[in-house]
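Chemist: Residue numbering for the sequence shown follows numbering that gives the first Met the number 0, beginning at 0 and increasing consecutively.
The structure follows.
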Amino acid sequence: MKSHGYAAHDAKSALVPFDFERREPGPKDVVVGIDFCGICHSDIHQVRNEWDNAIYPMVPGHEIVGHVTAVGAEVTKFKVGDLAGVGVMVDSCRVCENCKAEAQPYCEKGMVGTYNAKTYDGELTFGGYSNNIVCDEKYTHTISPKLDLAAVAPLLCAGITTYSPLKHWKVGPSSKVGVVGLGGLGHMALKFAHSFGAHVVQFTTSAGKAEDAKRLGADEVVVTKDANAMQAHARSLDFIIDCVSAPHDMNAYLALLRLNGTLCLVGLPEVPLEIAAFSMVADRRSLSGSMIGGMEETQEMLDYCAEKGIVSDIELTTVDKLPEAYERVVKGDVKYRFVIDLKSL
Ligand code: NAP
Ligand code: ZN
Ligand code: ZN
């Protein structure tokens, strides 16, 4: 199937228009005409080869929403015209213990990423900075027409990546939760933790985001260069979700956990982070990580958002402005997720 999008051809140059082929839809496949695609910081890490795993040409984009334009003969979940979403993965082995437990991101054979990855047949995958995508219905999500479609796009990665660990660690009304970094992931973590009834402390390096953090649901905001404000939260938090994209001092946040508290990393800085043993041993703390979420849980999250009216705060952009959007994401200057309007293709 003919497709058209924007691709990176190396780590240094701007993305450029790119024509490519996708597989012809099979019996269980859905073809989605893409309306909007979010810009995740993972797109930038991979386009710039910061994780040392880039395969070019690379069409990024894994926060995909649009309308179904065709369905295979055996598809039951969708019909032509329905809204649909595709997130960070498009396949997994389906038979390993983790896949059977609906924990597909942790597939033992390795999940198939939506872009910068190869299918089990060795075909390169291409993401959502493009006009269409072909995806098995199991890895395609239904979307409620109640929500603003452009603002739903970031739920497919930023949404599920923060919803899943908050659920796994049972964040609720009795929890005191820290969110580190108010970017795409961070602002969704804040909205979800607030919505689950937790007392939320937002940590930010950007003093200018403090007012927004309150509006988005923070009970307290700490501008992290204020050492006294940091100290005021020492040994007090049950759970911290760390959404920071760049190296930072983990020990400063571990010190804020109370007895048996957990810090969960979802941010993926490109270099190893240093942990002092005393940061862990004191107060019997745990350090963990989490990757997106399973297919059932992603649908649960989308349905929860439809019920509660939760979407991402977005700035719409166009394909010709990608370099500017990337620069602003890297500077932490986006409120709070760029979404590409694919009409601009
Ligand atoms: P983003 O929108 O750029 O947000 C990152 C935030 O981190 C910034 O807004 C900023 O918040 C803070 N920050 C940036 N540089 C910093 C520095 N040097 N020191 C301290 N804080 C800094 O990025 P995102 O799209 O939310 O993604 C965040 C990270 O999660 C990325 O590394 C991405 O690859 C990763 N990710 C992981 C998964 C997963 O499955 N685990 C899924 C998606 C993304 P303030 O201005 O508030 O300080
Ligand atoms: Zn992402
Ligand atoms: Zn598997």
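Even for Gly, the Cβ is constructed at its ideal location relative to N, Cα and C.
Rounded to whole angstroms, what's the CA-CA distance from leucine 255 to isoleucine 239? Just pull it up for me.
Modeler: Put simply, the backbone Cα of leucine 255 is about 9 Å away from that of isoleucine 239.
Chemist: Looking at the secondary structure, which residues open and close the alpha helix (DSSP H) in which cysteine 263 lies?
Modeler: That residue, cysteine 263, is in no alpha helix (DSSP H); its beta strand (DSSP E) goes 256-264.
Chemist: DSSP three-state call for serine 173: helix, strand or coil?
Modeler: coil
Chemist: Runs of 3 residues minimum, wholly inside the region 215-242: which ones carry the beta strand (DSSP E) assignment?
Modeler: 219-222, 236-241
Chemist: Just grab the DSSP bridge partners of threonine 316 for me.
Modeler: Ile339
Chemist: Per DSSP, what kind of secondary structure is glycine 207 in: helix, strand or coil?
Modeler: helix
Chemist: Could you check how far apart the C-beta atoms of methionine 57 and alanine 6 are, in whole angstroms? I think they sit under 8 Å.
Modeler: 6 Å
Chemist: In the DSSP assignment, the alpha helix (DSSP H) including proline 16 goes from what residue to what residue?
Modeler: No alpha helix (DSSP H) contains proline 16, which is instead part of the beta strand (DSSP E) from 15-20.
Chemist: To which residues does DSSP link phenylalanine 202 through a beta bridge?
Modeler: Val179, Val221
Chemist: What residues in its chain sit with their C-beta under 6 Å from that of serine 343, if we drop five residues either side in the sequence?
Modeler: Closer than 6 Å at Cβ, skipping near neighbours: Thr317, Val318.
Chemist: Output the boundary residues of the alpha helix (DSSP H) element that contains lysine 307.
Modeler: 294-307
Chemist: Closer than 8 Å by C-beta to glycine 216: which residues in its own chain qualify, once you throw out the five before and the five after it? Chain order, please.
Modeler: Leu189, Lys190, Ala192, His193, Ser194, Val199
Chemist: From leucine 123 to proline 144, what distance separates their C-alpha atoms?
Modeler: 32 Å
Chemist: Can you tell me whether cysteine 134 sits near ligand 2, meaning its C-beta is under 6 Å from at least one heavy atom of the ligand?
Modeler: For cysteine 134, the distance from the CB to the nearest heavy atom of ligand 2 is not below 6 Å.
Chemist: Considering only heavy atoms of ligand 3 and the C-beta of each residue, which residues fall inside 7 Å, strictly closer?
Modeler: Ser91, Cys92, Arg93, Val94, Cys95, Asn97, Cys98, Gln103, Cys106, Glu107, Lys108
Chemist: Beta-carbon distances below 5 Å to any heavy atom of ligand 2 define the shell here; list its residues in chain order, please.
Modeler: Cys39, Ser41, Cys156
Chemist: On the CB-based measure, 16 or more other CB atoms within 10 Å of its CB, does glutamine 230 come out buried or exposed?
Modeler: exposed
Chemist: In whole angstroms, what is the alpha-carbon distance linking glycine 384 and aspartate 147?
Modeler: Lying before the first or after the last residue shown, residue 384 is absent from the chain, which here runs from 0 to 344.
Chemist: With the cut-off set at 7 Å, would you say glycine 158 and tyrosine 335 are in Cβ contact?
Modeler: It is not a contact, given that the beta carbons lie outside the stated cut-off.
Chemist: Taking only the alpha-carbon atoms, compute the straight-line gap between histidine 186 and isoleucine 313 and give it to the nearest angstrom.
Modeler: 11 Å
Chemist: Evaluate contact between the region 276-283 and the region 200-209, counting only Cβ atoms and requiring at least three cross-stretch pairs below 8 Å.
Modeler: As far as the Cβ criterion goes, the region 276-283 does not touch the region 200-209, which means the pair count is below three.
Chemist: Rounded to whole angstroms, what is the Cα-Cα separation between phenylalanine 77 and methionine 290?
Modeler: 27 Å
Chemist: Any chance the CB of histidine 8 is under 6 Å from a heavy atom of ligand 1?
Modeler: no
Chemist: Name the residue from Cys304, Ser41, Gly25, Asn130 whose alpha carbon lies nearest to the alpha carbon of histidine 66.
Modeler: Asn130
Chemist: Do you know offhand how far aspartate 81's Cα is from aspartate 241's?
Modeler: Between aspartate 81 and aspartate 241, the C-alpha separation is close to 35 Å.
Chemist: Is it the case that the region 31-51 contacts the region 92-103, given that we only count it when at least three CB pairs across the two stretches are under 8 Å?
Modeler: No, because fewer than three Cβ pairs between the region 92-103 and the region 31-51 fall closer than 8 Å, the two stretches do not touch.
Chemist: Does the distance from the CB of arginine 257 to the CB of arginine 234 come in under 7 Å?
Modeler: yes
Chemist: I need the DSSP call for isoleucine 33, collapsed to helix, strand or coil.
Modeler: strand
Chemist: For asparagine 131, write down the residues that DSSP places opposite it in a beta bridge.
Modeler: Gly32, per the DSSP bridge assignment.
Chemist: Give me whichever residues DSSP pairs with isoleucine 63 in a beta bridge.
Modeler: Per the DSSP secondary-structure output, isoleucine 63 pairs in a beta bridge with Cys36, Val85.
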